[in-house]
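Quick notes on the structure that follows.
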Amino acid sequence: MNKYSSVFIVLQMARRDENVKTVQRAWQEKFHNRNWPNKRTMARLYAKFKRTGSVEDDKKAMATATATVVTEGAKQVVDVVFAADPTRSVRRAAEMLGIKRTSLQRIRKELELSPYKIQVTQPLNGDHTQRRSEFAQLMLEKLQTGEIDVKKVWFSDEAYFTLDGHLNKQNYRYWGRERLEITVVRSLQPKKFLVWCGISSHGVFGPIFIDGTLSAANYRKFLDEEFIPFLHGHDLVQGHWFMQDGARPHRTADVFEVLKEHFSDRIIGLDYPSHFQGVIEWPPYSPDLNPCGYYLWGYLKNKV
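So the sequence shown is residues 984 to 1287, counted in the numbering used here.
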């Protein structure tokens, strides 16, 4: 068996979790023949690779033992392993491949594989993505024509805060001359409360503390009795836009009527265009487009 065939088998064994039957099918598709190595040969070759980091015969492998883990064959296998499962830890990958973690780290460095933090996002389907794209294009056009002044948009949102405070584990560190067992106590089910805020270039309005859950009735009440009177008192309604997301209490006829009365068609909100003409629809599942979502809440929770 030539070196190319050996590397191919090792790659496929790693990619297919050592399932010989699927490796044999891959062999047939690649080389267009059924004269593949038998199960024992494949298993022995893969075991030797995990032991030595090389597909060379034992004599050659022993002669180059210090360099086996950085052969092109080894690098290809490591590349395949992490392409198949990018979340696999270095420890587990090293155990699976039968090589030292330090050697695996070296190979990952040569392959320019870097660790990235996983981000938690809202679930988006094709329709959501299309609506986000259309919204972005429309906003760019209105900003360029001057129809909307970004400094005159009030963005709003709600968020829960816990009475235990917010712990940013990524940034939480301590300085000392030795490692100490430091723990931060948190309740299993901490008490929490809902907060509403509005933010624009003029500053932050709020927080409005909401007792219990948000309903259309209490949402309309603090808009009508607190937020909108504040804006009128500071001349921040005329020419200004108001944005709200698609939370169910935001999307009632009563709430829409209040907003229409004061902001006319200068409103950005989910489902709003189905009630009034001329307004802009907010795309669903888009907290990353709202300054409250991508800045304000994180900043405030780190301060609490």
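All C-beta atoms, glycine included, are put in the ideal place defined by N, C-alpha and C.
None of the values given here were measured: they were computed from a predicted structure.
Any heavy atom of the ligand COA within a distance shorter than 8 Å of the CB on residue i?
{"i": "Val1061", "result": "Among the ligands in the structure shown, none appear at all, so the ligand COA cannot be discussed."}
Below 8 Å on the Cβ atoms is my guess for residue i versus residue j; work out the distance and round it to an integer in Å.
{"i": "Lys1134", "j": "Ser1184", "result": "4 Å"}
{"i": "Phe1188", "j": "Phe1210", "result": "6 Å"}
{"i": "Tyr1202", "j": "Val1238", "result": "6 Å"}
{"i": "Ala1057", "j": "Glu1141", "result": "Not really, about 52 Å apart at Cβ, beyond 8 Å."}
{"i": "Val1073", "j": "Gln1088", "result": "6 Å"}
Per the DSSP calculation, residue i is bridged to which residue(s)?
{"i": "Leu1177", "result": "Tyr1143, Ile1193"}
{"i": "Ser1183", "result": "Gly1186"}
{"i": "Trp1224", "result": "Val1136"}
{"i": "Ile1090", "result": "For Ile1090, which the question treats as bridged, DSSP gives no partner whatsoever."}
{"i": "Ile1082", "result": "Partner(s): none; Ile1082 has no beta bridge."}
{"i": "Ile1250", "result": "Phe1225"}
{"i": "Ile1263", "result": "Ile1251"}
So, for residue i: in the same chain, excluding its five sequence neighbours on each side, which residues have a beta-carbon less than 8 Å away from its beta-carbon?
{"i": "Arg999", "result": "Thr1005, Val1006, Ala1009"}
{"i": "Arg1114", "result": "Glu1264, Pro1266, Pro1267"}
{"i": "Trp1137", "result": "Gly1181, Ile1182, Ser1183, Phe1188, Leu1214, Leu1219, His1223, Trp1224, Phe1225, Met1226"}
{"i": "Val1262", "result": "Asp1248, Arg1249, Ile1250, Ile1251, Gly1252, Tyr1255, Pro1256"}
Buried or exposed: which applies to residue i, given that a residue is buried once 16 or more other Cβ atoms fall within 10 Å of its Cβ?
{"i": "Tyr1099", "result": "exposed"}
{"i": "Gly1109", "result": "exposed"}
{"i": "Tyr1255", "result": "buried"}
{"i": "Asp1228", "result": "buried"}
{"i": "Ser989", "result": "buried"}
{"i": "Lys1031", "result": "buried"}
Suppose the cutoff is 6 Å on Cβ atoms and the five residues either side in sequence are ignored; what does the same chain contact list for residue i look like?
{"i": "Thr1049", "result": "Here the model assigns Thr1049 a pLDDT of 41, short of 50, so the residue's position is not dependable and the matter cannot be decided."}
{"i": "Trp1019", "result": "Gln1007, Trp1010"}
{"i": "Leu1272", "result": "none"}
Under 7 Å Cβ to Cβ from residue i, same chain only, skipping five residues before and after it: list those, please.
{"i": "Ala1199", "result": "Pro1232, Thr1235, Asp1237, Val1238"}
{"i": "Ser1269", "result": "Arg1115"}
{"i": "Leu1242", "result": "Phe1225, Ile1250"}
{"i": "Trp1158", "result": "Interpretation of Trp1158 is limited by its pLDDT of 49, a score under 50 that renders its predicted location unreliable; the figure taken from the coordinates is listed afterwards. Excluding residues within five positions, none has a Cβ falling inside 7 Å."}
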